[in-house]
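A.B. asks: Here it is, the structure, as structure tokens.
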Amino acid sequence: MTTAQNRFVANLPPEHQEMYALIHPLPDAAYTMDCAIASIEKTLATIERDCTDTPSGCFELEPDFQRGHVWSQAQQVAYVEAIFRKTAPNRIMFNCPGWTRESTTAGDINDNEFQCIDGLQRLTACRKFMAGEFAVFGKYKAQDLKGTPFDPRRFTLQFCIYEFNSRADLLNHYLRINAGGSVHTPEELDRVRALLALVA
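Residue numbers (numbering that gives the first Met the number 0): 0 to 199.
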């Protein structure tokens, strides 16, 4: 939790503090910004330069707790198509202690250590699309959409930057956002497609 969230919880009645401890809502990001998918490479390059120019800084999109690149190209295409349809989740979570201010408490993650917490698959899909590695909707590459209503400069990812300076806090955050969900199997999606075919 952030210092402000700790103060908020400390001022709650005891029964609400207990409720807060049980539910344990995710903290707010220290900083958020919208990044046009056309500007991802430039933005990441600037962040990498700024972080690695400091003695203890680093830039890791695939830290050791990430599962690596697991989406197939078909999944990447589907995600980018969903961005243009405005149906895709667009949040990418990063951690970088010291992003908005120097850390005031000691931790085992140094200031300016920039790591991707969540959204690596989404980020990678957008980067590959912008690099021209695949087309969407069966024919459109990124450069084909420039100057159209679907210009990649008009569609954004939201970069949410947290400032966990404790690896334990960071890993607990990662587990809370990634545990408990179930990915739809191809069979489950096919079943819904079959239901759709009945009403179409």
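By construction, the Cβ of each residue, glycine as well, lies at the ideal position given by its N, Cα and C atoms.
Quantities reported herein were computed from a predicted structural model and do not represent experimental measurements.
Is there contact here, the segment 105-114 with the segment 53-61, by at least three beta-carbon pairs under 8 Å?
C.D. replies: With the cut-off at 8 Å, the segment 105-114 and the segment 53-61 touch.
A.B. asks: Three or more C-beta pairs under 8 Å: does that hold for the segment 64-72 against the segment 151-159?
C.D. replies: Touching, no, given that fewer than three Cβ pairs across the two stretches are closer than 8 Å.
A.B. asks: Which residue comes first and which comes last in the alpha helix (DSSP H) that contains A73?
C.D. replies: Q72 to R84 is the extent of the alpha helix (DSSP H) around A73.
A.B. asks: Relative to the alpha-carbon of P24, which residue among R152, H15, C34 and D49 has its alpha-carbon at the smallest distance?
C.D. replies: For the residues R152, H15, C34 and D49, the minimum Cα distance to P24 belongs to H15.
A.B. asks: Would a C-beta distance cut-off of 7 Å place C50 and T42 closer than the cut-off?
C.D. replies: No, Cβ-Cβ distance for C50 and T42 is not below 7 Å.
A.B. asks: Excluding the 5 residues preceding and the 5 following M92 in the sequence, name in chain order all residues of the same chain whose CB lies nearer than 7 Å to its CB.
C.D. replies: Taken in chain order, the residues that qualify are I116, D117, G118, C159 and Y161.
A.B. asks: Is the segment 69-76 close to the segment 120-138, with three or more CB pairs under 8 Å?
C.D. replies: They touch, by the three-pair rule.
A.B. asks: On the DSSP bridge assignment, give the partners of Y139 in chain order.
C.D. replies: According to DSSP, which records beta bridges pairwise, Y139 is partnered with V135.
A.B. asks: Among A178, N177 and R192, whose alpha-carbon lies nearest the alpha-carbon of T184?
C.D. replies: Ranking A178, N177 and R192 by Cα distance to T184 puts R192 first.
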